[in-house]
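Below: the structure, in structure tokens.
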Amino acid sequence: MPALGLGLGFYGKNNEPYGTYPECGIEPHTDSSGHVIPPPPGCGLNTQKAKSVARGIQQSGVNRSEIFILSKVGPEFGLGFNDTINQAMGILQELQTSWIDLLLVHWPVMKHPRESYIPKSSDPTCNMSNPLTYDEKNCRLSTWSAMITLFNRGIVRSIGVSNYNITHLQEIIDAKMLLPSINQVAFNPYNYRTGRADLLKFCQKNNIQLVAYSPIGALDAHQFPVTHEGKVTGMYPTLLQDPLIISLARTYKRTEAQVLLRWIHQQGVASNPRSMNETHMKENLDILSNPFTISDDDMIRIANLAQDTCEVDPNWYECVGDGNLP
């Protein structure tokens, strides 16, 4: 896969205070009256993004073989073996393509605990409405078995996971199943200490490529406080405004975003920065076409910016490590 991609996260959703991303993107939600609103047909977040990508490819005139498409299954729709297969086939139709270059399982869980919407699944282990059969671990393994089937059929050329921690990956290893080629997680200097350094070591040891989303920080997403050593921290400013990053950008005569992306790249981590600005897109790609090297000392200085932070609500997904840097 490319060392640097273009992230489409949150496209189609309200992006306060920065306006709204284009296209219609609606996830399951509860309205002001308390009614659960599922994604309307043809207007789910992933559905609309896929259609937008398909239209973009068609309008570009670029051969499909020259474009690498990453897509995901779940969690706003059911997981489990059959449901995962069906999701993948639906994505193929939406993308108007005969294959997916890389397909990921979006989350290791089925739903957000704060949302009343429960995705339906035909797999008993993924059926959250039946506590007698629901089994989170076996739901993950059933879903992963479907991913392997898609890979073996040639529908998907590479398979991976997203937001998996070491425990989730170890489940696949213990089951002696084909390992994911990719694990995509939020990865940046501020969250480096909350499990990311350890996760990077684990993935490298097991030949799983780590891919960063939110590589320059989640500029428009809620930041969740994390308790570490008895202190609640984590409501941090954007990385692009960090004094050290600003200083290093001047030293290397690059943008703050380029410094952050290069810091990630030099650790062997791929990244998918998101931008709607064409100039910023080109600047991001410039770290590969016009590379520079951050010194070892500066790499450590950036790593030491680590805070006890989490881009994801830790009540949903545990992203807290031991707080120790390597």
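Each residue of the sequence shown is one higher than the one before, counting from 1 in the UniProt record's numbering.
For each residue, glycine too, the CB sits at the ideal point set by N, CA and C.
Cut-off 8 Å between Cβ atoms - residues of its own chain near K137, not counting five sequence neighbours on either side: Here residue 137 is taken as the residue at index 137 of the sequence shown, counted from 1. So the qualifying residues of the chain are E171.
First through last residue of the alpha helix (DSSP H) which encompasses Y252: As a working mapping, residue 252 is identified with position 252 in the sequence shown. Looking at the DSSP string, the run of the alpha helix (DSSP H) that includes Y252 is P243 to Y252.
Give the DSSP bridge partners of V211, in chain order. In the sequence shown, the residue the question calls residue 211 occupies position 211. V211 pairs with Q184 and A270.
Assign I302 to one of three DSSP states: helix, strand, or coil. Here residue 302 is taken as the residue at index 302 of the sequence shown, counted from 1. Correct three-state label for I302: helix.
Tell me, which residues are paired with W102 by DSSP? Taking the sequence shown and counting its residues from 1, one reaches residue 102 at position 102. With the sequence shown as reference, residue 102 is identified as Leu, and Trp is not the correct amino acid for it. In the DSSP output, where bridge partners are listed per residue, L102 has L70.
Can you tell me where the beta strand (DSSP E) with P159 in it begins and where it stops? One-based indexing of the sequence shown puts residue 159 at position 159. For the sequence presented, residue 159 should be read as Ile rather than Pro. For I159, the uninterrupted beta strand (DSSP E) run begins and ends at I159 to S162, by DSSP.
In the DSSP assignment, find the unbroken alpha helix (DSSP H) run with residue 360 in it and report its ends. The shown model of the chain, from 1 to 326, leaves out residue 360, and the question about it has no answer.
Which residue marks the beginning of the alpha helix (DSSP H) containing E76, and which one marks its end? For the purposes of this step, residue 76 is taken as residue 76 along the sequence shown, with counting starting at 1. Here E76 belongs to no alpha helix (DSSP H), and DSSP marks it neither H nor E.
Element boundaries [alpha helix (DSSP H), containing Q87]: The residue given as residue 87 occupies position 87 in the sequence shown. Residues F81 to L95.
When we look at the beta-carbon of Q93 and count the other beta-carbons within 10 Å, is it buried (16 or more) or exposed? Reading the sequence shown from its first residue, position 93 is the one you call residue 93. Per the 10 Å Cβ criterion, exposed.
The segment 247-264 in contact with the segment 199-206 per 3-pair CB rule at 8 Å: no
Could you tell me which residues DSSP puts in a beta bridge with V156? Taking the first residue of the sequence shown as 1, we reach residue 156 at position 156. Bridge partners of V156: I100.
Alpha carbon to alpha carbon, how far is Q267 from Y190? Give it in angstroms, no decimals. As a working note, residue 190 is residue 190 in the sequence shown. As a working note, residue 267 is residue 267 in the sequence shown. Rounded to the nearest angstrom, the two C-alpha atoms are 15 Å apart.
Which stretch, first to last residue, makes up the alpha helix (DSSP H) that contains D198? In the sequence shown, residue 198 corresponds to position 198, counting from 1. Where D198 is concerned, the enclosing alpha helix (DSSP H) stretches over A197 to K205.
With burial defined as no fewer than 16 other Cβ atoms inside 10 Å of the residue's Cβ, what is the status of E76: buried or exposed? The residue given as residue 76 occupies position 76 in the sequence shown. Flag for E76 reads buried.
Three or more C-beta pairs under 8 Å: does that hold for the segment 144-159 against the segment 128-136? The segment 144-159 vs the segment 128-136: no contact.
What separation, rounded to the nearest whole angstrom, lies between the Cα atoms of M1 and F68? If you number the sequence shown from 1, residue 1 lands on position 1. If you number the sequence shown from 1, residue 68 lands on position 68. Distance between the alpha carbons of M1 and F68 is about 7 Å.
Buried or exposed, going by whether 16 or more other CB atoms sit within 10 Å of the CB of D131? Here residue 131 refers to the residue found at position 131 when the sequence shown is read from its first residue. According to the sequence provided, residue 131 is Pro. The question's Asp does not apply to it. Classification for P131: exposed.
Taking 9 Å as the cut-off, decide whether the C-beta atoms of G80 and S129 are in contact. Here residue 80 refers to the residue found at position 80 of the sequence shown. Here residue 129 refers to the residue found at position 129 of the sequence shown. Taking 9 Å as the Cβ cut-off, G80 and S129 do not qualify as a contacting pair.
Using 9 Å as the threshold, is the C-beta distance between A212 and F187 below it? Residue numbering aside, residue 212 sits at position 212 when the sequence shown is read from its first letter. Residue numbering aside, residue 187 sits at position 187 when the sequence shown is read from its first letter. In this structure, A212 lies near F187, with their beta-carbon atoms less than 9 Å apart.
Compare the beta carbon distance of L4 and A257 with 9 Å and say whether it is the shorter of the two. Reading the sequence shown from its first residue, position 4 is the one you call residue 4. Reading the sequence shown from its first residue, position 257 is the one you call residue 257. No, these two residues do not count as a Cβ contact at 9 Å.
Take Q241 and list the residues in its own chain whose beta-carbon comes closer than 7 Å to its own, dropping the five residues that flank it on each side. For the purposes of this step, residue 241 is identified with residue 241 of the sequence shown, where counting begins at 1. There are no such residues.
Taking the alpha carbon of D101 as the point to measure from, which residue in Q58, F151, N82 and S122 has its own alpha carbon closest? In the sequence shown, residue 101 corresponds to position 101, counting from 1. The candidate whose alpha carbon is nearest that of D101 is F151.
Considering only residues of the same chain and omitting the five flanking positions on each side of I91, which have a CB-CB separation below 7 Å? Residue numbering aside, residue 91 sits at position 91 when the sequence shown is read from its first letter. Excluding the 5 residues flanking it on each side, I91 has same chain C-beta neighbours closer than 7 Å at A50, S71 and I100, in chain order.
Got a sec? Which residues, its chain only, sit under 6 Å from T84 by beta carbon, not counting five neighbours each side? Here residue 84 corresponds to residue number 84 of the sequence shown, with the count starting at 1. Within the same chain, T84 has close Cβ partners V73, T143 and A146.
Environment of A306 [buried if 16+ CB atoms lie within 10 Å]: On the sequence shown, position 306 is the one that residue 306 refers to. Burial check for A306: the Cβ neighbour count within 10 Å reaches 16 or more, so the residue is buried.
Starting from the C-beta of L285, find all residues in its chain whose C-beta is less than 7 Å away, skip the five residues before and the five after it, and write them out in chain order. Counting from one through the sequence shown, the residue named residue 285 turns up at place 285. L4, listed in sequence order.
Just the Cα atoms here: how many angstroms apart are R301 and T149? By 1-based counting over the sequence shown, the position of residue 301 is 301. By 1-based counting over the sequence shown, the position of residue 149 is 149. So the two alpha carbons sit approximately 44 Å from each other.
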